[in-house]
Amino acid sequence: MRNDVTGMLEIGKCYFHLGYHDRNLTVPFVTPYFFLGKDLFPGMECWFFQGAPEFMEGQKPPEFAEDIDQVGIVAVPADGLTDFVDWSGLVAELSENKKLQDQGRFYSQKE
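Here the sequence shown is numbered in my numbering, starting from 0 and rising by one per residue.
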């Protein structure tokens, strides 16, 4: 089980959206995001992340929530934070997954 990053998120730090393309969890995908903050727009109780390319280019959050996708920003509800990990979480999960695959097991079968 992944660590809950909710209380650890720091504005401006890099986190990773970690998921898998298959049900056995053998083909991961990793997307880097930078944390921008929580509840940045009225009526949107979410955590906001910006894609690494847009963040590194210095693209700023827009004035209106309707425009967030134009600058690579995603709004993540509380239950979606389980898909985000920090550097340690990324390394730990991928390392454990590799170890299980080397044993002929799947990460989805992890106890």
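Even for Gly, the Cβ is constructed at its ideal location relative to N, Cα and C.
Residue closest to residue i, alpha-carbon to alpha-carbon, out of the options
| i | options | result |
| --- | --- | --- |
| GLU44 | LEU80, GLY18 and ASN2 | LEU80 |
| THR5 | SER107, ASN96, VAL84 and GLN108 | VAL84 |
| PRO41 | TYR19, GLN49, GLU65 and MET55 | GLU65 |
| LEU8 | GLN100, GLY88, ARG104 and SER107 | GLY88 |
| VAL26 | ASP3, LYS97 and ASP38 | LYS97 |
| PHE48 | TYR106, PHE28, ALA77 and ASP21 | ALA77 |
Strand pairing of residue i, partner residues [DSSP]
| i | result |
| --- | --- |
| ILE116 | The chain is shown only over 0 to 110; residue 116 falls outside these bounds and no answer can be derived. |
| VAL90 | Bridge partners of VAL90: none, in fact. |
| PHE105 | Looking at the DSSP assignment, PHE105 forms no beta bridge with any residue, so it has no partner. |
Presumed contact (8 Å Cβ cut-off) between residue i and residue j, rounded CB distance
| i | j | result |
| --- | --- | --- |
| LYS12 | PHE34 | 6 Å |
Neighbourhood of residue i by C-beta distance below 6 Å, restricted to the same chain and skipping five residues each side
| i | result |
| --- | --- |
| GLU53 | VAL70 and GLY71 |
7 Å CB neighbourhood of residue i in its chain, flanking five on each side removed
| i | result |
| --- | --- |
| HIS16 | THR30, TYR32, ASP82 and PHE83 |
| ASN23 | PHE105 and SER107 |
Quick check for students: name the residue ranges of the beta strand (DSSP E) that lie wholly in the stretch 3-62, counting only runs of 3 or more. Counting whole runs of 3 or more residues, the stretch 3-62 contains the beta strand (DSSP E) stretches 13-19, 27-37 and 46-50.
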